[in-house]
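Protein chains: 2
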Amino acid sequence: MSKEISQAVIRRMPRYYRYLGELLDDGVERISSNELSSRMKVTASQIRQDLNNFGGFGQQGYGYNVKYLYEEIGKIMGLNEQHNIIVIGAGNLGQALANYMKFEKLGFVIVGLFDVDPALCGKSIRGNRIEMVDRLAEFVHTHKVDIAALTMPKENADAVANQLVELGVHAIWNFAHVDLDLLDRDVVVENVHLSDSLMQLSYNIVQSKDKRKA
Amino acid sequence: MSKEISQAVIRRMPRYYRYLGELLDDGVERISSNELSSRMKVTASQIRQDLNNFGGFGQQGYGYNVKYLYEEIGKIMGLNEQHNIIVIGAGNLGQALANYMKFEKLGFVIVGLFDVDPALCGKSIRGNRIEMVDRLAEFVHTHKVDIAALTMPKENADAVANQLVELGVHAIWNFAHVDLDLLDRDVVVENVHLSDSLMQLSYNIVQSKDKRKA
């Protein structure tokens, strides 16, 4: 059913999930699309359109059941099962990911950390012992691994990513500042390019300065 | 001139900049839109359309001058001047940003790190001494600060963000997992929501599993 849904819609779903989670924490049971719209600062028609992609959920004149909608969006996003993550690159960013507890609440559990630097070998981050990359194959064979986060330099990212896919890891969360060359492979990739994000910010800084001057 | 350009186009520009930088490193002086297209895996017509937003740069039958295009895109993105960044929240992620040298090559220089945890006070990351947040106002008054990166818990993010805008910081790179409430303020915000990115990945994992089964 959901095969045709655009990535733009999917990109908005985590935000719905976050807002609904907050409403749930506040004890709100029902919400109209107008109320949700004013909280989230998107139009009510956008909300209805987005949710209709998944078959609706609202009842005319009755609003949305917060808990039900929260759980359904969670299921759509695959949050009803645990995802095990290994992190390749145990530098600052890799360690930051491993230390970040909020991911676990969403079902994303970091189960392994790898690096090439022998100085890091044996160090533990929140119970995960840093292993050397040459033990990757053995680890993936003996553990369930759903996602590999690449927080390593871009130079080796392609090679490691392809090795991971061969080992049966079909999802990569890529922080390396490169577009991975995984053409024709059966793998999903989500990029977090921090430098790109900074550049977009600086573009908008220039624009807003121009506006201020005008 | 560039006021009407959509954020979708802007979001693609860092990628052009990255590819052109690599071509430059490889000593390539000219490139046709067809060649650039096959490298970047976007259509040549998309490339021409994107660049035409800024007035073109290509010569019919002659291709693009790599160095010129690289520099022009750099100027468009505001990379021709230095941007000073302060990081609020000197935990793992804040320290990871402060340690990341690649930002500096793009002109983004971290000049200060702040936290509320007295245990961190006085610790240095790449020459930046971690200061307590109560010294923020004094610091911003005596230093040029262009961007504040928020790598702190979401609970205080709104308050700190609003304080920063009052102090004259007009750009926020927000890692806190919340939409900042800065309505009507003269500020540009770029969000990096890592949990959202993970959820998008897990959605695509579910889809690709379904496809594999089908």
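Sequence lines, in order, name chains C and S. So the first sequence is numbered by the working numbering: it starts at 4 and just counts up by one. So the second sequence is numbered by the working numbering: it starts at 4 and just counts up by one. Built from N, CA and C at the ideal position, the CB exists for glycine as well.
Asked	Found
Contact check, LEU116 of chain S vs ALA140 of chain S, beta carbons under 8 Å	no
Boundaries (first-last residue) of the beta strand (DSSP E) holding LEU116 of chain C	111-118
Under the three-state DSSP convention, the category ILE150 of chain S falls into	strand
Cross-strand partners of SER127 of chain C (DSSP beta bridge)	C:ARG132
Proximity to GLN98 of chain C [Cα-Cα], best of C:LEU170, C:LYS126, C:VAL12	C:LYS126
Status (buried if at least 16 other CB within 10 Å, exposed otherwise) for GLN203 of chain S	buried
Residues near VAL195 of chain S in its chain [Cβ-Cβ closer than 6 Å; skip 5 each side]	PHE178
Partner residues on chain C for LYS105 of chain S, Cβ-Cβ distance less than 8 Å	HIS180, SER198
Residues from the segment 118-146 of chain S in contact with chain C, defined by Cβ distance under 8 Å	none
Residues of its chain near PHE106 of chain S, where Cβ-Cβ distance is below 8 Å and the 5 sequence neighbours each way are ignored	ILE88, LEU100, VAL112, ILE113
Contacting residues, own chain, Cβ-Cβ under 7 Å from GLY92 of chain C (five flanking each side not counted)	ASP118, LEU153, THR154, MET155
Reference VAL35 of chain C, options C:LEU82, C:ILE50, C:HIS173, closest by Cα	The displayed chain sequence assigns Ser, not Val, to residue 35 of chain C. For the residues C:LEU82, C:ILE50, C:HIS173, the minimum Cα distance to SER35 of chain C belongs to C:ILE50.
Within-8 Å CB hit, ALA162 of chain C to chain S	no
6 Å Cβ shell around GLU134 of chain S - same chain, five flanking residues per side excluded	PHE117
Local conformation of GLY97 of chain S per DSSP, three classes	helix
Limits of the unbroken alpha helix (DSSP H) element including ASN219 of chain S	Given a span of 4 to 217 for chain S in the structure shown, any question on residue 219 of chain S remains unanswerable.
Interface flag, ASN87 of chain C vs chain S, CB-CB below 8 Å	no
C-beta contact flag for ILE13 of chain S and TYR206 of chain C at 8 Å	yes
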